[in-house]
Amino acid sequence: MDRLDNTMDEKERAKQRKKRKRANRRKQAGKNFLIFISILIIAVAAYLITMKAFDPEFKIASLVPEEKVQQVVAFVKEDILKQTTTTTTTQTTTKPTTTKPKNYDYTSFDEFAFDTSLQGNQVGNLLNKSNGMVTYSSNYIYYSIAGEGLYRFEPNSETYTPLVVNNYHFTCLNVLADYIYMVDTDSHKLKKAQIIGGDMVNVADNIDFIYLYNDKLYYIGTDNTVGYITTDTMEKTVLYQAESGKKVKFAGISLSRIFFTTYDEVSKYYEYITVDLKNKSDRRYFMQDSKNDEVLNLQLECGYFYYYKKQSDSTYDLYRQKFGSEKTVTLLEDCSIKDYPVVYANRLYYTAIDGKTIQAREYNMNSKDDKLMVYTFEPDDMNAIGVGYGYQYVFLFGSSQKLYKGGCIYTSASKENTISFKNGKWQY
160 MDRLDNTMDE KERAKQRKKR KRANRRKQAG KNFLIFISIL IIAVAAYLIT
210 MKAFDPEFKI ASLVPEEKVQ QVVAFVKEDI LKQTTTTTTT QTTTKPTTTK
260 PKNYDYTSFD EFAFDTSLQG NQVGNLLNKS NGMVTYSSNY IYYSIAGEGL
310 YRFEPNSETY TPLVVNNYHF TCLNVLADYI YMVDTDSHKL KKAQIIGGDM
360 VNVADNIDFI YLYNDKLYYI GTDNTVGYIT TDTMEKTVLY QAESGKKVKF
410 AGISLSRIFF TTYDEVSKYY EYITVDLKNK SDRRYFMQDS KNDEVLNLQL
460 ECGYFYYYKK QSDSTYDLYR QKFGSEKTVT LLEDCSIKDY PVVYANRLYY
510 TAIDGKTIQA REYNMNSKDD KLMVYTFEPD DMNAIGVGYG YQYVFLFGSS
560 QKLYKGGCIY TSASKENTIS FKNGKWQY
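For the sequence shown, the working numbering assigns the number 160 to the initial residue and increments by one for each residue that follows.
Here it is in structure tokens:
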């Protein structure tokens, strides 16, 4: 009897061992499957992260719906990591992002392969305190005298011809081919006239700023809009409108995009925005936001940024930076005036204060030579005077103070041999 009981116990134990072996095999198979799923999830995650790194606009949710992501997360936590998921009713607060990542910080430099003969004026001439009251084309320099009108200056003979004489104040002069475009500051109308003179034509209303390149007039509107006007049809295309409380400033262009800044007058910060000319929905940021006036008066001229950067001692240096490069070059240190410089080829024209004088200076970006071109004594407001570049001449213009002085860049003693516009004419 005892032997029989032992035999039955042995069979039962054998049966239990087989059952445990089968259970262990199933458990091991389950673990192997979970390991495989885990590896697969990691691989997919790596792929998504790589796609996001190469394309910041890539939306993960377009491939994996949010609910599926949550299911996978719960599966990994509960089935693989043996963690329990606890649902709470605590509400989390997401802090607003104060800066945006750069997502248009590189492009082929061919995007800036401009034909400078199709440029209506220098970007710096238009943005600085001279307000674009000087430009040039072919053998002539064009300038505006506040309250008097528009004139053409012939450098070889230093003679001038009135083109539009009236109580006008024109800014943003742009000349291309047979026409000159300008903004009437009193009416905020964009006007067009032949370079030989004649009647003016109203092109568009509510214009605050224009820059001409080839067949487009890039504009900033008095209503905080950004866009362009084609020179053949005069059709206006709005690309962007800033929110109320933000001030828009033109920065420059590439062959396919417009670049500008917006300044939040309440929070005191700048955004750097670029929009595709053919697709206004393609709106990106080309620099990180800046605040506390860390960066001032940025312009984009022929693929290079020029801007003033605040230093640790609160002074400002003038930087140059090639688009798409992190490297910066310091052109000028401890700048006394932080107005937009005018860039022409390898030369840069800027204003500076020296004692009781305000000066127009020329800086050679290759040789680093820096020389005085034109100066004037103690204007009422030195910060209201801007440098203007007009091919063979450099000017100091200040419409509010009726200051119009110039000097030829090829005259060795130009700083002592200047011309001034007084009593309706230029004179030494």
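Idealized CB from N, CA, C, for every residue including glycine.
Residues sharing a beta bridge with residue i, DSSP
{"i": "T320", "result": "R311"}
{"i": "G411", "result": "F418"}
{"i": "E460", "result": "Y463"}
{"i": "A363", "result": "L349"}
{"i": "M446", "result": "Y431"}
{"i": "F478", "result": "According to the sequence provided, residue 478 is Tyr. The question's Phe does not apply to it. Answer by DSSP bridge pairing, in chain order: Y466 and T489."}
{"i": "G635", "result": "A query on residue 635 cannot be resolved here, the shown segment of the chain reaching from 160 to 587 and no further."}
{"i": "L371", "result": "L376"}
{"i": "S579", "result": "K564 and Q586"}
{"i": "Q400", "result": "T384"}
{"i": "I304", "result": "G308"}
{"i": "A511", "result": "Q518"}
Residue i versus residue j - alpha carbon distance
{"i": "N325", "j": "Y377", "result": "27 Å"}
{"i": "D374", "j": "D472", "result": "45 Å"}
{"i": "S426", "j": "S303", "result": "36 Å"}
{"i": "L414", "j": "C461", "result": "10 Å"}
{"i": "I517", "j": "D441", "result": "43 Å"}
{"i": "M524", "j": "Y534", "result": "21 Å"}
{"i": "E394", "j": "D364", "result": "12 Å"}
{"i": "Y301", "j": "M292", "result": "8 Å"}
{"i": "I432", "j": "N315", "result": "42 Å"}
{"i": "M359", "j": "K351", "result": "6 Å"}
{"i": "D529", "j": "A272", "result": "28 Å"}
{"i": "S484", "j": "D540", "result": "37 Å"}
{"i": "G356", "j": "D345", "result": "21 Å"}
{"i": "N582", "j": "A401", "result": "43 Å"}
{"i": "L309", "j": "R506", "result": "27 Å"}
{"i": "D264", "j": "Q447", "result": "10 Å"}
{"i": "D391", "j": "V553", "result": "32 Å"}
{"i": "I496", "j": "K348", "result": "30 Å"}
{"i": "M532", "j": "A519", "result": "6 Å"}
{"i": "K561", "j": "N542", "result": "14 Å"}
{"i": "T275", "j": "I366", "result": "24 Å"}
{"i": "F268", "j": "E307", "result": "42 Å"}
{"i": "K469", "j": "Y463", "result": "19 Å"}
{"i": "K486", "j": "V385", "result": "29 Å"}
{"i": "D423", "j": "N576", "result": "44 Å"}
Whole-Å CB distance - residue i paired with residue j, under 8 Å assumed
{"i": "G279", "j": "N361", "result": "The pair is not a contact, with the Cβ atoms about 18 Å apart (cut-off 8 Å)."}
{"i": "D343", "j": "Y327", "result": "6 Å"}
{"i": "F368", "j": "L285", "result": "7 Å"}
{"i": "A336", "j": "S558", "result": "At roughly 27 Å, the Cβ-Cβ gap does not stay under 8 Å, so A336 and S558 are not in contact."}
{"i": "V502", "j": "Y444", "result": "Wrong, their Cβ atoms sit about 24 Å apart, outside the cutoff."}
{"i": "L490", "j": "Y499", "result": "Wrong, their Cβ atoms sit about 13 Å apart, outside the cutoff."}
{"i": "R416", "j": "V434", "result": "6 Å"}
{"i": "S289", "j": "G547", "result": "4 Å"}
Beta carbon of residue i nearer than 8 Å to that of residue j
{"i": "G545", "j": "N262", "result": "no"}
{"i": "Y340", "j": "I354", "result": "no"}
{"i": "Y467", "j": "N451", "result": "no"}
{"i": "F580", "j": "Y563", "result": "yes"}
{"i": "E317", "j": "N298", "result": "no"}
{"i": "Y429", "j": "V454", "result": "yes"}
{"i": "I578", "j": "Q551", "result": "no"}
{"i": "G380", "j": "L459", "result": "no"}
{"i": "S475", "j": "C494", "result": "The sequence as given places Tyr at residue 475; Ser does not occur at that position. Going by C-beta atoms, Y475 is nearer than 8 Å to C494."}
{"i": "G549", "j": "T294", "result": "yes"}
{"i": "N383", "j": "K405", "result": "yes"}
{"i": "Y370", "j": "V282", "result": "yes"}
{"i": "Y387", "j": "L436", "result": "yes"}
Counted within 10 angstroms of its Cβ, other Cβ atoms place residue i as buried (16 or more) or exposed
{"i": "V488", "result": "exposed"}
{"i": "K527", "result": "exposed"}
{"i": "I198", "result": "exposed"}
{"i": "F409", "result": "buried"}
{"i": "S221", "result": "Its pLDDT being 44, under 50, S221 is placed unreliably in this model, and the value from its coordinates should be taken loosely. Label assigned to S221: exposed."}
{"i": "L555", "result": "buried"}
{"i": "K584", "result": "exposed"}
{"i": "S403", "result": "exposed"}
{"i": "F482", "result": "buried"}
{"i": "A511", "result": "buried"}
{"i": "G514", "result": "exposed"}
{"i": "Y587", "result": "exposed"}
{"i": "S296", "result": "buried"}
{"i": "L277", "result": "exposed"}
{"i": "S449", "result": "buried"}
{"i": "T421", "result": "buried"}
{"i": "E492", "result": "exposed"}
{"i": "E521", "result": "buried"}
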